Amino acid sequence: MSATAGQAQGERGLAERLGLKAGQVVQEIGWDEDCDEALRESIEELTGNELVDEEYEDVVDVVLLWWRDGDGDLFDALSDAMTALADGGQIWLLTPKAGRDGHVEPSDIGEDATTAGLSQTSSISAARDWSGTRLVTPKARR
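Using UniProt numbering, read the sequence shown as starting at 1 and increasing by one per residue.
Given below as structure tokens:
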């Protein structure tokens, strides 16, 4: 395997950890210069689609929400993110890891997610500086 092929596989692995699949439409909210470019590129590589932004006016399979402490009201952001979500869709809330600027306490995530009507299903190390929390609507509501 060439170095480039190995690198591409490694980048694809980032998106695979999020459970993404080819053909899915992923909406990105909260992008800033501190976001992980390798993760973003791996999502586009795996899905075969460019990430769409907040202005996208159709349904999406996944919302990628970059969030930092101080970005505003997380409950409002989660509520807004759910409006474009297809039935059975998911939100990946990406927050800076503990010890990084903008870290969000897991208890705050849990509280705001529950208030927004979402269930937390898993947490992963999504990228070098970012943790990912998978949020879905409860099955009874889907």
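Glycine included, every Cβ here is placed at the ideal spot set by N, Cα and C.
Given the structure is predicted, the values throughout are model-derived calculations rather than measurements.
| field | Own chain residues within Cβ distance below 6 Å of Leu79, not counting five before or after | value | To locate residue 79, count along the sequence shown from 1; it is residue 79. Before going on, a small fix: residue 79 reads as Ser here, not Leu. Excluding sequence neighbours, Ser79 sits near Ala116.
(Q) Quick check on DSSP: helix, strand or coil for Arg128? (A) Here the question's residue 128 lines up with position 128 in the sequence shown. Arg128 falls in the coil class under three-state DSSP.
- What three-state label does DSSP hand Pro138 in the structure shown? One-based indexing of the sequence shown puts residue 138 at position 138. In this structure, Pro138 counts as coil in the three-state DSSP scheme.
Q) Using the C-alpha atoms, what's the distance from Met82 back to Pro138? A) By one-based count along the sequence shown, residue 138 stands at place 138. By one-based count along the sequence shown, residue 82 stands at place 82. If I take the Cα positions, the gap works out to 13 Å.
**Item:** Segment contact flag, the stretch 35-50 with the stretch 68-75, C-beta cutoff 8 Å, min 3 pairs
**Value:** At 8 Å Cβ cutoff, the stretches do not touch.
Count Cβ pairs between the stretch 85-95 and the stretch 47-56 that sit closer than 8 Å; are there 3 or more?
no
Can you round the beta-carbon distance between Val26 and Leu64 to whole angstroms, since I take them to be within the 8 Å contact cut? For this step, residue 26 is matched to residue 26 along the sequence shown. For this step, residue 64 is matched to residue 64 along the sequence shown. Indeed they touch by this definition, with Cβ atoms about 6 Å apart.
Whole angstroms are fine: how far does the CA of Leu14 sit from the CA of Leu135? On the sequence shown, residue 135 is found 135 positions in, with the first residue counted as 1. On the sequence shown, residue 14 is found 14 positions in, with the first residue counted as 1. Looking at the two C-alpha atoms, the distance is approximately 18 Å.
Exercise for the section: Could you tell me the boundaries of the beta strand (DSSP E) in which Asp87 lies? Expected result: Counted from its first residue, the sequence shown places residue 87 at position 87. Note, Asp87: beta strand (DSSP E), 85-96.
Report task. Would you identify the three-state DSSP class for Leu64, choosing helix, strand or coil? Result -> One-based indexing of the sequence shown puts residue 64 at position 64. In the structure shown, Leu64 sits in a strand (DSSP, three-state: E or B).
### Helix, strand or coil at Glu28 according to DSSP, with G and I counted as helix
Taking the first residue of the sequence shown as position 1, residue 28 is located at position 28. The answer is strand: DSSP assigns Glu28 an E or B state.
Quiz item: Do you know offhand how far Gly72's Cα is from Ala22's?
Solution: Working through the sequence shown from its first residue, we reach residue 72 at position 72. Working through the sequence shown from its first residue, we reach residue 22 at position 22. Spanning the two alpha carbons is a distance of roughly 32 Å.
- Item | Nearest neighbour of Arg128, chosen from Gly99, Asp112, Ile109 [CA to CA] | For this step, residue 128 is matched to residue 128 along the sequence shown. The option with the nearest alpha carbon to Arg128 is Gly99.
Using DSSP bridges, identify the partner residues of Val104. As a first step, residue 104 is located in the sequence shown; it is residue number 104 there, counting from the start. Answer is none; Val104 lacks a bridge partner.
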